[in-house]
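Student:
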Amino acid sequence: MCGIIGHIKLSGVIDQHIFHGMVKSLEHRGPDGEGVFISSDRKRALGHRRLSFLELTNLGKQPMCNSKKTVWVSFNGEIYNYIELKEELKSSYRFITGCDTEVILAAYQEWGIDFVTRLKGMFAIALLDEEKDELHLIRDRFGIKPLYYGITEDEIVFASELKAIMASKVFPNKVNKSAIADYFVYRYIPSPKTIWQGIKKLPPANYITINLKDLSHKILLYWELSASNDNVEVGILASETEGILKNSVKQHVRADVDI
Numbered sequence: 004m005c006g007i008i009g010h011i012k013l014s015g016v017i018d019q020h021i022f023h024g025m026v027k028s029l030e031h032r033g034p035d036g037e038g039v040f041i042s043s044d045r046k047r048a049l050g051h052r053r054l055s056f057l058e059l060t061n062l063g064k065q066p067m068c069n070s071k072k073t074v075w076v077s078f079n080g081e082i083y084n085y086i087e088l089k090e091e092l093k094s095s096y097r098f099i100t101g102c103d104t105e106v107i108l109a110a111y112q113e114w115g116i117d118f119v120t121r122l123k124g125m126f127a128i129a130l131l132d133e134e135k136d137e138l139h140l141i142r143d144r145f146g147i148k149p150l151y152y153g154i155t156e157d158e159i160v161f162a163s164e165l166k167a168i169m170a171s172k173v174f175p176n177k178v179n180k181s182a183i184a185d186y187f188v189y190r191y192i193p194s195p196k197t198i199w200q201g202i203k204k205l206p207p208a209n210y211i212t213i214n215l216k217d218l219s220h221k222i223l224l225y226w227e228l229s230a231s232n233d234n235v236e237v238g239i240l241a242s243e244t245e246g247i248l249k250n251s252v253k254q255h256v257r258a259d260v261d262i
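Residue numbers (this note's numbering): 4 to 262.
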């Protein structure tokens with residue numbers, strides 16, 4: 004478990020003390036390290052709390068950037084097929100770490116935002132593209148990893164937990180009464196609502212792209228579960244399912260720490 008945090012402002016500058024407090028609020032999600040990137044004009048900031056299980060050296064530190072320092076990523080989760088993707092990308096990208104975070108950077112540079120359809124894993128990803136003036140927030144197919152965000156007229160704040168967003172002091176402590184009603188009906192608060200007014204939860208299998216010139220944005224569904232009515236013998240289904248499960252478990256247990 005790691006924690007990601009971000010703050011973008013169109014006017015004014017980011018209070019660095021407050022931003023470090025936002026990052027500190029997620030210390031429990033990542034006890035192994037902290038990283039912060041703040042742009043020179045103090046209008047864009049990314050933060051990360053790290054729990055290390057791949058690339059235990061400092062090379063895996065986040066936020067991580069590409070060689071040109073034009074694309075930055077803060078990522079929570081695990082990409083299970085990162086080794087296969089790395090093999091596919093190594094002819095066009097020079098890797099310097101052994102972690103799955105750098106594979107995200109390489110894949111984005113190679114395939115653009117469509118790279119997300121190639122990922123197998125659980126993830127909440129923030130990609131800041133300073134050349135295109137875009138921010139991408141991405142959540143995994145089943146919403147295993149949380150990702151919250153709030154957008155006003157001139158700033159956006161996002162994080163792995165609501166407490167970090169509230170620590171930004173951008174949003175008032177006003178409860179979303181509709182979300183409370185939903186909780187008593189469903190026993191949870193469905194996406195995109197949260198308990199706080201002005202803050203949303205990115206739905207599973209969605210990504211949001213924000214234009215950093217005016218904060219206009221769009222949310223896109225990149226995957227949905229499908230089923231066919233093909234008639235397949237039970238024995239064949241069982242054999243294929245066993246193979247898929249074995250391969251999935253094999254990828255899940257990749258780590259540089261003891262399982």
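We put the beta carbon where it would ideally sit given N, CA and C, even for glycine.
Mind reading off the beta-carbon distance from Ser77 to Leu49? Whole number of angstroms is fine, and I expect it under 8 Å.
Tutor: Counting from one through the sequence shown, the residue named residue 77 turns up at place 74. Counting from one through the sequence shown, the residue named residue 49 turns up at place 46. That belief holds up - the Cβ atoms of Ser77 and Leu49 are roughly 5 Å apart, short of 8 Å.
Student: Taking a contact to mean a Cβ-Cβ separation below 8 Å, would you say Ile159 touches Ile213 in this structure?
Tutor: As a first step, residue 159 must be located in the sequence shown, where it is residue number 156. As a first step, residue 213 must be located in the sequence shown, where it is residue number 210. Ile159 is a Cβ neighbour of Ile213, given a cutoff of 8 Å.
Student: Can you round the beta-carbon distance between Leu138 and Ile11 to whole angstroms, since I take them to be within the 8 Å contact cut?
Tutor: Here residue 138 corresponds to residue number 135 of the sequence shown, with the count starting at 1. Here residue 11 corresponds to residue number 8 of the sequence shown, with the count starting at 1. Confirmed, about 6 Å.
Student: What runs of the beta strand (DSSP E), each 3 residues or longer, lie entirely inside the stretch 137–220?
Tutor: 137–142, 151–154, 158–162 and 209–214
Student: Could you name the residues of the same chain whose beta carbon sits closer than 6 Å to that of His220, not counting the 5 residues immediately before and after it, in chain order?
Tutor: Within the sequence shown, numbered from 1, the residue matching residue 220 stands at position 217. Ile211 and Ile213, listed in sequence order.
Student: Can you tell me which of Ala110, Thr104, His51 and Tyr85 puts its alpha carbon nearest to the alpha carbon of Tyr1?
Tutor: Because the chain is modelled from 4 through 262, residue 1 falls outside the range shown and cannot be assessed.
Student: First and last residue of the alpha helix (DSSP H) that includes Leu92?
Tutor: Locating residue 92 in the sequence shown gives position 89, where the first residue counts as 1. Segment Tyr85 to Leu92, the alpha helix (DSSP H) holding Leu92.
Student: If you compare alpha carbons, which of Tyr225, Phe98, Ala162 and Glu156 is closest to Ala129?
Tutor: Mapped onto the sequence shown, residue 129 falls at position 126. Looking at the Cα atoms, Ala162 is the closest of the given residues.
Student: Would you mind stating whether Asp103 and Glu133 have Cβ atoms separated by less than 8 Å?
Tutor: Locating residue 103 in the sequence shown gives position 100, where the first residue counts as 1. Locating residue 133 in the sequence shown gives position 130, where the first residue counts as 1. Contact: no.
Student: Just to confirm, are Glu105 and Gly6 a CB contact at a threshold of 8 Å?
Tutor: The residue given as residue 105 occupies position 102 in the sequence shown. The residue given as residue 6 occupies position 3 in the sequence shown. In this structure, Gly6 does not lie closer than 8 Å to Glu105 by Cβ.
Student: Please report the residue range of the alpha helix (DSSP H) in which Ala241 lies.
Tutor: Here residue 241 refers to the residue found at position 238 when the sequence shown is read from its first residue. First-last of the alpha helix (DSSP H) with Ala241: Val237 to His255.
Student: Over the uninterrupted beta strand (DSSP E) stretch that includes Val74, give me the two end residues.
Tutor: Taking the sequence shown and counting its residues from 1, one reaches residue 74 at position 71. Taken as a continuous stretch (DSSP letters only), the beta strand (DSSP E) holding Val74 covers Val74 to Ile82.
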